[in-house]
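Engineer: Numbering-wise (the numbering used here), the sequence shown opens with residue 1 and increments by one. Every residue gets a Cβ at the ideal spot worked out from N, C-alpha and C, and that includes glycine.
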Amino acid sequence: MRSVGSICAQGILGQINKIYYSIAPKRVPLQNVVLFVGDSGADIPDEVVQHLSRPEEMVSIVESKVGQKADVFVVCPSRYEGPFACYDHMLRGTTAAGDPLGYHGSDIKACRHIHALLSDVQLRVGADSNRSGDGLSRHQGKGGEQGENVTEEEAVEGPRRVPRTVVPRTILLGFSKGGVVLNQILAELAFLEDHPHSLVEVDNNPSGSERNSLAHLQLRDFVGSFEEFHYVDVGLNCRGAYMTDPRVLRSFAAGCRTRPRRLIMHGTPRQWCDRRRPWIAEEKERCLSILQEACADLQKAMSPTDNQRAYEGLKVEERWYSKGEKPNLRMHFRILESLELG
1 MRSVGSICAQ
11 GILGQINKIY
21 YSIAPKRVPL
31 QNVVLFVGDS
41 GADIPDEVVQ
51 HLSRPEEMVS
61 IVESKVGQKA
71 DVFVVCPSRY
81 EGPFACYDHM
91 LRGTTAAGDP
101 LGYHGSDIKA
111 CRHIHALLSD
121 VQLRVGADSN
131 RSGDGLSRHQ
141 GKGGEQGENV
151 TEEEAVEGPR
161 RVPRTVVPRT
171 ILLGFSKGGV
181 VLNQILAELA
191 FLEDHPHSLV
201 EVDNNPSGSE
211 RNSLAHLQLR
221 DFVGSFEEFH
231 YVDVGLNCRG
241 AYMTDPRVLR
251 SFAAGCRTRP
261 RRLIMHGTPR
271 QWCDRRRPWI
281 AEEKERCLSI
291 LQEACADLQK
301 AMSPTDNQRA
311 YEGLKVEERW
321 YSKGEKPNLR
331 MHFRILESLE
341 LG
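If you want it as structure tokens, here you go:
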């Protein structure tokens, strides 16, 4: 039986985020799925919006899409300013209402904090359920090199007695304002591509609050498990809903040569056709264009024998929902129900 609930998890520097979870017992998961929520809809006078904005409902919806072989985490922001989500613990700087003051990858803040949060949840929940495995469900699996994704067979059958390790793949979703966390992660992955030894330094020198969470699965393995990035109807009341820095996007794409990934933009007319906030659609198009151009350039630069590998490095696409309908708040939340992750 799955462990379902919520917990105030501790990240780096003792910082707390509330996390709602659904964790399978006594086995390593095939994948970890992490969703970052947006602004609160609790005070919106619409029962559908109120229902779909509840984190526990988001856990249920995501679980129904990824199946029983995944652990699901819904991460709440560091604080709310009224209804506005504020991810202070993952971004270097935000306004009082939680809008990002740029994205800076050099301190690897979001990746470190998320790693510590999920480790804390799985260690504490796993201890209660006698689940095998440790902080991020790393285990001894058959035939897998360090950092290799766990197979479905291994996920079901459990640990094997061979001296090799596997790490479940990680799927990241940013819903609405939660997309700022994905942008920050892209900035950090780009920095790590340009400064590959930075993760080694972090893993060798964890802070006191990180030692337990990093004891079993090092940060570089966790970051290396990121395979999918889903921007789910993201938007802000200012610029910055999508990453548009060419340097960041090109470095991120370059890092996918050895780590195949997918980046999918899911959207509704609520965000992509908002005449009051035209920058949302403009940023989406710019992000998409830069990534596609970067992938094309990388493929041209590869040798003929590596062309197929270059093509598989990063797959980018956009998906419309409720296209042609009149924009409304309800469709913004209902995208969670109709979301296609495959």
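(1) Tell me the rounded alpha-carbon separation between S198 and I290.
(2) Does the beta-carbon of Q68 have 16 or more other beta-carbons within 10 angstroms, so that it is buried, or is it exposed?
(3) May I ask you to report which of helix, strand or coil DSSP gives K18?
(4) Would you say the beta carbon of N32 comes nearer than 8 Å to a heavy atom of the ligand SAH?
(5) Does the beta-carbon of L214 have 16 or more other beta-carbons within 10 angstroms, so that it is buried, or is it exposed?
(6) Check A85 in the structure and name its three-state DSSP category.
(7) Starting from the N-terminal side, write out each stretch of the beta strand (DSSP E) that is 3 residues or longer and does not extend beyond the stretch 28-59.
(8) Is R211 helix, strand or coil by DSSP?
(9) What residue from Y20, Y21, V49 has the CA that sits closest to R330's CA?
(10) Please say whether P327 and P260 have beta carbons closer to each other than 9 Å?
(11) In terms of alpha-carbon separation, which member of V74, V33, P168, C273 lies closest to S53?
(12) Between which residues of its own chain and N32 is the CB-CB distance below 6 Å, once the five residues before and five after are set aside?
(13) In or out: G143 buried (at least 16 other Cβ within 10 Å) or exposed?
(14) At the level of alpha carbons, what is the spacing between R334 and C76?
(15) Roughly how far, in whole angstroms, is the beta-carbon of K315 from the beta-carbon of R250, given that I think they are within contact range, below 8 Å?
(16) When DSSP labels each residue in this structure, what does Q218 get in the three-state scheme?
(17) Out of R257, A301, D99, E318, which has the shortest C-alpha to C-alpha gap to L288?
(18) Give the straight-line distance between the Cα atoms of R112 and E47, rounded to the nearest whole angstrom.
(19) Take G178 and list the residues in its own chain whose beta-carbon comes closer than 6 Å to its own, dropping the five residues that flank it on each side.
(20) Who are G5's beta bridge partners in DSSP?
(21) Quick one: what's got a C-beta closer than 6 Å to A85's C-beta in the same chain, skipping five residues either side?
(22) Excluding the 5 residues flanking Q15 on each side, which residues of the same chain have their C-beta closer than 6 Å to its C-beta?
(23) If contacts are defined as beta-carbon pairs under 8 Å, then Q271 and V248 qualify, I think. What distance do you get, rounded to the angstrom?
(24) Comparing C-alpha positions only, which one of A254, P246, Y242 sits nearest to G267?
Structural biologist: Short version:
(1) Cα to Cα, S198 sits roughly 26 Å from I290.
(2) Exposed is the call here.
(3) Correct three-state label for K18: strand.
(4) With respect to small molecules bound, the structure shown includes none, and the ligand SAH cannot be examined in it.
(5) Summary for L214: the model assigns pLDDT 34, below 50, so the residue's position carries little reliability, and this model does not support an answer.
(6) The DSSP-derived three-state label of A85 is strand.
(7) Counting only runs of 3 or more, we get 31-36.
(8) Here the model assigns R211 a pLDDT of 41, short of 50, so the residue's position is not dependable, and the following value carries that caveat. Three-state result, R211: helix.
(9) Minimum Cα-Cα distance from R330 among the listed residues Y20, Y21, V49 corresponds to V49.
(10) Not closer than 9 Å, so no.
(11) The residue among V74, V33, P168, C273 with its C-alpha nearest the C-alpha of S53 is V74.
(12) Residues of the same chain with a CB within less than 6 Å of the CB of N32, apart from the 5 flanking positions on each side, are D71, P168, T170 in chain order.
(13) For G143, the predicted model reports a pLDDT of 31, less than 50, meaning its position is unreliable; a value from the coordinates is still stated below. Residue environment for G143: exposed (fewer than 16 other C-beta atoms within 10 angstroms of its C-beta).
(14) Cα-Cα distance, rounded: 19 Å.
(15) Not quite, the Cβ-Cβ distance comes to about 16 Å (not below 8 Å), so this is no contact.
(16) If DSSP states are grouped into helix, strand and coil, Q218 belongs with coil.
(17) Nearest option by C-alpha distance: E318.
(18) When rounded, the distance between both Cα atoms is 36 Å.
(19) The answer, listed in chain order, is F36, V37, G38.
(20) When beta bridges are read from the DSSP output, G5 appears opposite Y21.
(21) Listed in chain order, the non-local C-beta contacts of A85 below 6 Å within the same chain comprise G38, D39, P77, G98, K177, local neighbours out to five positions each way being set aside.
(22) Here the set comprises H89.
(23) Rounded, the Cβ-Cβ distance is 21 Å, inconsistent with contact.
(24) Of the candidates A254, P246, Y242, the residue whose Cα lies closest to the Cα of G267 is Y242.
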